[in-house]
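First the structure, in the form of structure tokens, and then the observations on it.
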């Protein structure tokens, strides 16, 4: 019995530890995304991103790794300018526990009986939201935006770097969009 309970707890911890990134995208319909081969960063936007410098560097490094792995080249005169935007939000989950609960027990006061209906469980989770924007450098127009939302779980620098890499990877897997 203890072995089964330990395995169940381990499975739950594993599932919670592997929470997925919720991703979405938006793009300019009719854009020929195959024409873009080089990228650079929109410095003004990056400088204004509401995130600490260490996390900003982690995000940019993760973007560089994904872009280079996808065949893009970094350039001083890029086809696409990349901008990031971040925010945090609190997600509230409410679970209804409706059902019949009954109990019978023996204690200091003698015999007892309890019955009734369940109630609500409320869980709050802090989430980080990362927007990655692709801007056509010639036209100065937003052509693609990927958004990733994921729980913020760790202050450990190594785990935080791994998590940021995963979030950026999930977002950029959506590019180019399937039109």
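In UniProt numbering, the protein residues as written are 1 to 179. Just so you know, even glycine gets a beta-carbon here, dropped at the ideal spot from N, CA and C. Since we're looking at a predicted model, the values are computed, not measured.
Here residue 29 is exposed. Its C-beta has fewer than 16 other C-beta atoms within 10 Å. Per DSSP, residue 50 lies in no beta strand (DSSP E) segment and is marked neither H nor E. Counting the other Cβ atoms within 10 Å of the Cβ of residue 62 gives 16 or more, which makes it buried. The C-beta distance from residue 47 to residue 86 rounds to 13 Å, too long to fall under 8 Å, and the pair is not in contact. Under the three-state reduction of DSSP output, residue 157 falls in the helix class.
Its Cα nearest to that of residue 173, the residue 70 stands out among 40, 70, 31. Between the C-alpha atoms of residue 27 and residue 144 there is a straight-line separation of about 4 Å.
Below 8 Å, too few C-beta pairs join the segment 145-162 and the segment 29-38 to call them touching: fewer than three.
In the displayed model, residue 85 falls within a strand according to three-state DSSP.
When only Cα atoms are considered, residue 20 and residue 150 end up about 7 Å apart. Residue environment for residue 168: buried (at least 16 other C-beta atoms within 10 angstroms of its C-beta). Here residue 45 carries a helix assignment [DSSP, helix/strand/coil]. With fewer than 16 other CB atoms across the displayed protein chains lying within 10 angstroms of its CB, residue 138 is exposed. The Cβ-Cβ distance between residue 81 and residue 41 falls below 8 Å. The beta carbon of residue 152 sits closer than 6 Å to those of 126, 128, all from its chain and outside the five residues before and after it, given in chain order. Of all alpha-carbon atoms in 179, 176, 166, the one lying nearest the alpha-carbon of residue 59 is that of 166. Its Cα nearest to that of residue 79, the residue 136 stands out among 136, 171, 159, 176.
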